[in-house]
């Protein structure tokens with residue numbers, strides 16, 4: 196029952212949430228790693244989540 200409710204009331208999803216998961220390619224994994232190194236996920240006082248670019252490191 197909960198899964199049915201999540202279809203309508205849960206977080207936004209792209210694609211079929213009940214379908215099989217797609218295997219990631221090496222390029223997709225590299226891109227994900229790069230994004231995680233460049234940005235920080237921040238949650239504000241209202242509970243909203245957003246990304247903030249990390250400051251450039253000195254040379």
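Residue numbers (my numbering): 196 to 254. Each residue gets a CB set at the ideal place from its N, CA and C atoms; glycine is no exception. Please read these numbers as outputs of a predicted model, since none were measured by experiment.
Identity of the residues DSSP links to residue i by a beta bridge
i, result
"residue 236", "246"
C-beta atoms of residue i and residue j nearer than 8 Å
i, j, result
"residue 249", "residue 234", "yes"
Contact with chain D by residue i, beta-carbon distance below 8 Å
i, result
"residue 220", "Considering every chain present, this structure includes no chain D. It has just one protein chain."
Coil, strand or helix - residue i by DSSP
i, result
"residue 219", "coil"
"residue 226", "helix"
"residue 197", "helix"
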